[in-house]
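To start, the structure itself, in structure tokens.
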Amino acid sequence: MIIGVGITRPPSATGLKFPFGISHRLLRPCRCGPGNEDDRFLNSVLLASPDDDNLRRMLRQFVESTSQDYAVGTLFRLTSPATSSSNPRLSSLALPLYQVLTETSWFQWSPRVVTKVIALLHKQEQHSEAEYLTKETISILNVRGKSALSIFYGQLVEELSKHELRREVLHTCEELRRHLLVGNRPAAWALLFGYQSMIKAMHLLGMPYIIEKLMEEMRELGLKVSAFEHTCLVYGYGKLGLFKEMKRALADMRRDGFAVDRLVTTMVLSSFGAHGQLGEMETWLRKMKDANVKPHMRTFNTVLNNCPKLRALLQDAMEKDEDLPLSLKELLDYLGGDECSLVLCLVESSSLIRQTRIWANLDLHGMHLTTAYLFMLLWLCELRWICKRHSYKLPSEVKVVCGKGSHSVVRFKSPLQELVQKMVVQLDLPLRNDSDTIGCFVAKGKVLKDWMLSHKGERFDDECFLKESVK
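Residues 1 to 471 in full-length UniProt numbering are what the sequence shown lists, from first letter to last.
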């Protein structure tokens, strides 16, 4: 198995030798969630490991009893920012596991792997161990030339920034810049990788001024600044609420010939929304419409999640069982002001509902709660419009697909399904849970059409938004 760019074996036939023991400062029992067999096993390792030898023996048994991919994947999980933040005692097993892995005959050593371990050690304030591994890696890669070392430094900068280790990132960036600029320079591709790694790190740490300086250095070195660097700069200023600088960065991006695509527009909208600039969001949506940039699902999620009144409405409905406005007109009347104008602008500028349905069915996958609520209202308006016209017929069965909640905060508990269920009950819609498919609601086409043509369906006569969507 090959992991990143690496060499087949560490320099020693018996693996890398470490002049330090394993720190037991963090090696104490950790709480593990029910059903998580990996965490329960690793917790048992912590409980039954009074000394280094026992710890290595148990980890060696673990590595020998699992596949190579699984063992390395466990190391990656232990070194991840999520694990190190939520369960630091569990992540303390990363270094001893890495030591055991380097002793196997199949392990493919690479800088990418060791940078994850080094970054974690810094996070755990085991700086001497981290420095030792850094020096050991540099001594291995020195024989491979400047390009290999540039890649290592770049990968280390990225890993440190994922753990938000600002001091270590800035120090490593200085080492990387010195390596790139002093003496013989590495290959152009390695030089570019080094600068892109630093820019990515500065973006994660929220330091757009440094990104701008690095972009200037790239130009001076003859490196082409790509859309990636421009995007990092735009979003970096936007996240900080520095909108004047963000707009200047957008103008520079266009000047250099890069289109302001959906990804960038979503970042801009997110920046305005995070700082409560709803009017600016509406202006930007209208610019998107004029430039023929169609909103997509992420745009809807971003815009609607930044509508505080809409978010509070859904929170009260889900947590306190409050009633919801059940037509687009009722919702707009309830929101009022900037939120009403923003939602209306979003609806008018998009025909996305056509992409989320297969004929009369509606698929809510990928939608956040705010977006799913709006799309349910739009879909019901569309069904009403279709049913009133004799040239359109509903299929024999109509479905609303919510998903089973695999990616929900509480796994297999779908907030979308709860929302749709609430709307079904409140409206007395003839939709029922599909017994064959988890996370689906179904209705007979004829029954749903009759309901739509009854007085109950009159609230969905918002035709002005839907004439284009059914063409």
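C-beta: ideal position from N, C-alpha, C; glycine also.
Note that the structure is a prediction, hence the values are computed from the model and not measured.
Delimiting residues of the alpha helix (DSSP H) encompassing residue i
i, result
"A130", "H127 to L141"
"C340", "G337 to E348"
"G366", "Careful: G366 lies outside any alpha helix (DSSP H) and carries neither H nor E."
"R389", "Here R389 belongs to no alpha helix (DSSP H), and DSSP marks it neither H nor E."
"F300", "M297 to N305"
"Q315", "P308 to E319"
"G222", "Per DSSP, G222 belongs to no alpha helix (DSSP H) and is neither H nor E."
"Q417", "P415 to L427"
"E280", "L278 to D290"
"F272", "R262 to A274"
"Y257", "Checking the sequence shown, residue 257 turns out to be Gly, not Tyr. First-last for G257: undefined, no H or E at that position."
"G73", "Q68 to T79"
"L95", "A94 to T102"
Endpoints, the beta strand (DSSP E) within which residue i is located
i, result
"A227", "Here A227 belongs to no beta strand (DSSP E); instead the alpha helix (DSSP H) covers A227 to K239."
"V442", "C440 to K444"
"E397", "E397 to V401"
Alpha carbon of residue i to alpha carbon of residue j, nearest angstrom
i, j, result
"M202", "L165", "11 Å"
"G457", "M288", "33 Å"
"A82", "A71", "18 Å"
"H296", "S139", "49 Å"
"L332", "F76", "47 Å"
"T104", "R185", "35 Å"
"residue 514", "Y98", "Any answer about residue 514 is impossible in this case: the structure gives the chain only from 1 up to 471."
"I151", "G337", "52 Å"
"L453", "I438", "29 Å"
"M253", "P395", "48 Å"
"E125", "E216", "34 Å"
"L223", "N361", "50 Å"
"M207", "V420", "42 Å"
"T66", "E159", "26 Å"
"A259", "D52", "56 Å"
"S44", "K244", "54 Å"
"L221", "L90", "44 Å"
"K56", "L46", "Looking at the sequence provided, one finds Arg at residue 56 rather than Lys. Roughly 11 Å separates the two Cα atoms."
"C387", "M376", "16 Å"
"V113", "V143", "19 Å"
"F300", "A130", "43 Å"
"H127", "A119", "10 Å"
"P88", "T74", "15 Å"
"A187", "L374", "52 Å"
"P34", "Y237", "Bear in mind that a pLDDT of 33 at P34, under 50, signals an unreliable position, so the number given afterwards is only what the model happens to contain. Each residue's alpha carbon lies about 42 Å from the other."
Within 8 Å, strictly: CB atoms of residue i and residue j
i, j, result
"C307", "V343", "yes"
"L170", "Y195", "no"
"residue 510", "R298", "A question about residue 510 goes unanswered here, because the residues of the chain that appear run from 1 up to 471."
"L93", "V117", "no"
"T102", "Q155", "no"
"M281", "L269", "yes"
"M198", "Y235", "no"
"A443", "L431", "yes"
"L364", "L416", "yes"
"H230", "N305", "no"
"H179", "K146", "yes"
"L121", "K162", "no"
"W109", "Q68", "no"
"V398", "L448", "yes"
"L378", "L285", "no"
"V424", "F441", "yes"
"T265", "V303", "no"
"S80", "K123", "no"
"K309", "E330", "no"
"I210", "L233", "no"
"L324", "K446", "no"
"V157", "L176", "yes"
"D450", "R384", "no"
Where residue i sits in the DSSP three-state scheme
i, result
"A360", "coil"
"N43", "helix"
"N54", "helix"
"R185", "coil"
"W109", "strand"
"L453", "helix"
"R459", "helix"
CB contact check: residue i to chain B, cutoff 8 Å
i, result
"K244", "Protein chain content of the structure displayed is limited to a single chain, and chain B is not contained in it."
### Query
Which ranges does the alpha helix (DSSP H) cover as unbroken runs of at least 4 residues, wholly within the region 140 to 183, from first to last along the chain?
146 to 162 and 166 to 181
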